[in-house]
Amino acid sequence: MKLHVVLEPSEQGGFTALVPALPGCISEGDTRDEALANIQEAIALYLEPVEDDAARGAADADRRRG
6 MKLHVVLEPS EQGGFTALVP ALPGCISEGD TRDEALANIQ EAIALYLEPV EDDAARGAAD
66 ADRRRG
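Following my numbering, the numbering of the sequence shown begins with 6 at its first residue and continues without gaps.
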């Protein structure tokens, strides 16, 4: 999945990274590279519950059929 990441200088120094398609998915870092690494982790954590819910939903559907 490709997501658009906005990277901008922070007023306090360093950089802020956010993903407009994922409300509330925001991170920061002292350098551009650190901010980008941090936002990759934030994206993974943001999407993790969705994957768990999808797997749980499929398991529930299998139980209902079985």
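Backbone N, C-alpha and C define an ideal beta-carbon position, used for all residues, glycine too. No experiment lies behind these values; they were computed from the predicted model shown.
- Annotation for glutamate 13: the continuous beta strand (DSSP E) segment containing it runs 11-14.
- In this structure, DSSP gives alanine 42 a helical state, which the three-state scheme calls helix.
- Scanning its chain for C-beta atoms nearer than 8 angstroms, with the 5 sequence neighbours on each side dropped, one finds around alanine 42 the residues Gly34, in chain order.
- Taking C-beta separations shorter than 6 angstroms and ignoring five residues to either side along the sequence, the partners of tyrosine 51 in its chain run Leu27, Cys30, following chain order.
- If you look at glycine 34, you'll find it in the beta strand (DSSP E) that goes 31-34.
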